[in-house]
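These notes concern the structure reproduced below.
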Amino acid sequence: MTLTFNQDKYKQLLTQYQPKLIRTEAENEEALLVIEDLMNRPQRTPEEDELYELLVFLVEKFETEFY
Numbered sequence: 037m038t039l040t041f042n043q044d045k046y047k048q049l050l051t052q053y054q055p056k057l058i059r060t061e062a063e064n065e066e067a068l069l070v071i072e073d074l075m076n077r078p079q080r081t082p083e084e085d086e087l088y089e090l091l092v093f094l095v096e097k098f099e100t101e102f103y
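Right, here's the structure in full:
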């Protein structure tokens with residue numbers, strides 16, 4: 037079964053979490069908490085997967101530049 041990507045659900049997730057460039061350690065920690073929450077979900081939706089990948093990208097970018 038192929039799950040389809042729902043733009044409206046993704047917009048809701050973006051509104052809820054409001055991801056942005058990470059510039060501080062506190063913002064990084066906040067993003068890591070959301071990532072951990074998403075990782076612990078037994079079955080993520082395609083929209084949650086997209087948010088997860090976006091947050092991982094932002095954290096990796098911050099940590100590469102910061103550390």
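Going by the working numbering, the sequence shown wraps up at 103, each residue one higher than the last.
Glycine included, each C-beta is placed from N, C-alpha and C at the ideal position.
Small disclaimer: the values here were computed from a predicted structure and weren't measured.
query, result
"To which residues of the same chain is leucine 90 closer than 6 Å at the C-beta, ignoring the five residues directly before and after it?", "Pro55"
"Less than 7 Å between C-beta atoms, sequence neighbours within five positions excluded: which residues of the same chain meet that for tyrosine 88?", "Ile71, Leu74, Arg80"
"Mind checking which residues open and close the alpha helix (DSSP H) that includes threonine 100?", "82 to 102"
"Quick check on isoleucine 58: does DSSP put it in helix, strand or coil?", "coil"
"State yes or no: is the C-beta of glutamate 84 within less than 9 Å of the C-beta of leucine 49?", "yes"
"If you drop the 5 nearest sequence neighbours on each side, which residues of the same chain put their C-beta closer than 7 Å to that of alanine 67?", "Ile58, Leu91, Leu94, Val95"
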